[in-house]
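Okay, structure first, notes after.
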Amino acid sequence: IANVDGNLNIGEAKQRTVVAEAKFLRALAYYHLTHGFGDAQFYTEDLTTDEIEQLGQTPAHEIVTYIAQDLQETADDLPNEAVAGQATKWVAKTLQVKLLLYLNRWEEAEHVAEEIVTSSPHQLDPDFGHIWETRDEANSEVIWKLAYVSNISSHDYGDWYNPRIGDEPANSSQKQELLTALAANNEGFTGYGLSGPSPTLVSGFDDDDTRKNSTIINEYEGIPLKFTYCGKFQGLNQTTSPRSNHGEDIIIFRLADVILMLAEAENEQNKVNEAAAHVDLIRNRAYEPNRPSLVGAVTSQNEIRDIIFNERRNELAGEGHRRYDLVRWGKLIETVNSVDYGPNYAPQNNIQPYHTLFPIDPNVIEIANSRAGKEVLKQNPGY
Numbered sequence: 087i088a089n090v091d092g093n094l095n096i097g098e099a100k101q102r103t104v105v106a107e108a109k110f111l112r113a114l115a116y117y118h119l120t121h122g123f124g125d126a127q128f129y130t131e132d133l134t135t136d137e138i139e140q141l142g143q144t145p146a147h148e149i150v151t152y153i154a155q156d157l158q159e160t161a162d163d164l165p166n167e168a169v170a171g172q173a174t175k176w177v178a179k180t181l182q183v184k185l186l187l188y189l190n191r192w193e194e195a196e197h198v199a200e201e202i203v204t205s206s207p208h209q210l211d212p213d214f215g216h217i218w219e220t221r222d223e224a225n226s227e228v229i230w231k232l233a234y235v236s237n238i239s240s241h242d243y244g245d246w247y248n249p250r251i252g253d254e255p256a257n258s259s260q261k262q263e264l265l266t267a268l269a270a271n272n273e274g275f276t277g278y279g280l281s282g283p284s285p286t287l288v289s290g291f292d293d294d295d296t297r298k299n300s301t302i303i304n305e306y307e308g309i310p311l312k313f314t315y316c317g318k319f320q321g322l323n324q325t326t327s328p329r330s331n332h333g334e335d336i337i338i339f340r341l342a343d344v345i346l347m348l349a350e351a352e353n354e355q356n357k358v359n360e361a362a363a364h365v366d367l368i369r370n371r372a373y374e375p376n377r378p379s380l381v382g383a384v385t386s387q388n389e390i391r392d393i394i395f396n397e398r399r400n401e402l403a404g405e406g407h408r409r410y411d412l413v414r415w416g417k418l419i420e421t422v423n424s425v426d427y428g429p430n431y432a433p434q435n436n437i438q439p440y441h442t443l444f445p446i447d448p449n450v451i452e453i454a455n456s457r458a459g460k461e462v463l464k465q466n467p468g469y
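With this note's numbering as the guide, the letters of the sequence shown map in order to residues 87 to 469.
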């Protein structure tokens with residue numbers, strides 16, 4: 087930012103775009119830092135390493151307030167449509183909505199979310215499954231993705247969701263049948279098989295919820311599998327998506343998330359029917375046949391709030407929003423305590439109220455305080 091802003095060797099329009107991109111990335115970094123660790127060392131000037139090491143921790147609320155305003159001021163300097171995963175004004179505004187919800191600034195969050203829904207080029211894909219079948223740049227629902235290309239800039243993200251053939255199928259006598267079916271489709275179970283949904287999430291999808299087919303995978307070509315997997319980020323094709331060389335883009339933000347955030351902001355202002363109408367947009371795509379409209383049928387703010395909580399869980403499962411949602415709602419501890427994780431995990435035996443934040447690495451604290459000659463970093467409570 088310091089080297090670009092006001093640089094006469096760069097055109098004024100380009101200056102604005104580059105600075106806006108940099109401020110978006112800074113906001114994204116602090117979004118994760120504050121949501122994960124709370125108070126943090128915060129600076130907006132081009133400081134030296136020695137100067138940074140002297141900084142104490144700024145309260146998370148102050149950081150979030152600053153970066154939310156930063157995005158408000160710079161979003162319009164970003165392009166309207168994405169090129170190869172670059173930030174757009176709509177990506178910046180989506181992040182801004184998340185920050186405004188964190189700050190409980192409901193009216194502002196509603197305004198920005200409404201602008202995205204009504205003025206951006208993004209629209210809901212009529213078919214939920216199509217989003218995950220293609221994950222292509224042309225899908226208008228996707229607001230931002232991390233762009234990857236096999237053999238050039240690939241990832242192994244899909245391997246965490248792909249099954250491991252050594253574990254499957256449920257009935258070992260069907261092993262050859264499974265291998266034959268995979269080969270016929272030029273697919274393979276070559277992943278780590280480590281990212282699976284909890285039994286509570288699996289049972290949380292009703293039979294008429296079409297999102298379940300993309301989210302919950304427990305069979306292949308009619309062959310029952312031993313374990314259950316999240317299908318959204320799988321890449322099984324052995325030619326276009328081999329192990330550790332996946333080229334599918336990773337979806338970060340999409341319009342359904344924004345619509346549900348808009349409904350939440352409206353409901354927290356007691357605009358129950360407006361919130362219900364926006365939840366209907368998500369439910370109308372999700373359920374087949376359509377369920378009755380919530381507008382007029384549900385008049386309680388608390389009832390709509392619970393519906394929004396559940397719809398965000400089912401709509402966005404596996405996409406990386408759940409923990410931040412639960413912490414923001416004050417529901418992390420009770421949710422972890424109530425979830426069935428199956429026979430191999432029991433986090434409810436360990437979780438404590440202070441686990442809403444992560445611990446700061448003690449070595450980082452010791453080194454920072456030693457170099458500064460004073461206490462500049464404090465450990466989060468409870469650790």
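By construction, the Cβ of each residue, glycine as well, lies at the ideal position given by its N, Cα and C atoms.
Unbroken beta strand (DSSP E) stretches of 3 residues or longer found wholly inside the region 207-289: 228-232, given in chain order. For Tyr427, the secondary structure class from DSSP, reduced to helix, strand or coil, is coil. If you ignore the 5 residues before and after Ile153, its C-beta comes within less than 6 Å of the C-beta of Ala113, Tyr116, all in its own chain and listed in chain order. Assignment of Arg340 by DSSP, reduced to helix, strand and coil, places it in the strand class. DSSP places Ile309 within a strand segment (E or B) once states are collapsed to three. Going by DSSP, Asn388 is part of the alpha helix (DSSP H) stretching over 387-401. For Asn304, the secondary structure class from DSSP, reduced to helix, strand or coil, is strand. Shortest Cα-Cα distance from Met347 to any of Asn423, His197, Ile138 involves His197. Gly406 and Ile338 have their C-alpha atoms some 8 Å from each other. According to the DSSP assignment, Glu193 belongs to the alpha helix (DSSP H) that extends over 192-205. The three-state reading of DSSP puts Thr120 in helix, counting H, G and I together. Where Ile153 is concerned, the enclosing alpha helix (DSSP H) starts and stops at 146-160. The continuous stretches of alpha helix (DSSP H) do not include Gln143, and DSSP gives it neither H nor E. Between Arg408 and Arg414, the C-beta gap is not smaller than 8 Å, which leaves the two residues out of contact. Beta-carbon to beta-carbon, Gly321 and Ser327 are separated by about 3 Å, close enough to satisfy the 8 Å threshold.
Around the C-beta of Asn93, fewer than 16 other C-beta atoms lie within 10 Å, and the residue is accordingly described as exposed. In the structure shown, Ala126 adopts extended strand secondary structure according to DSSP, grouped into three states.
When DSSP states are grouped into helix, strand and coil, His407 belongs to the coil group. By the C-beta density criterion, Thr174 is buried, having at least 16 other C-beta atoms within 10 angstroms. Assignment of Asp295 by DSSP, reduced to helix, strand and coil, places it in the strand class. Look at the beta carbons and you see the region 207-216 not touching the region 233-246: under three pairs across the two are nearer than 8 Å. Judged by their CB atoms, Ile336 and Val365 are not nearer to each other than the 8 Å cut-off.
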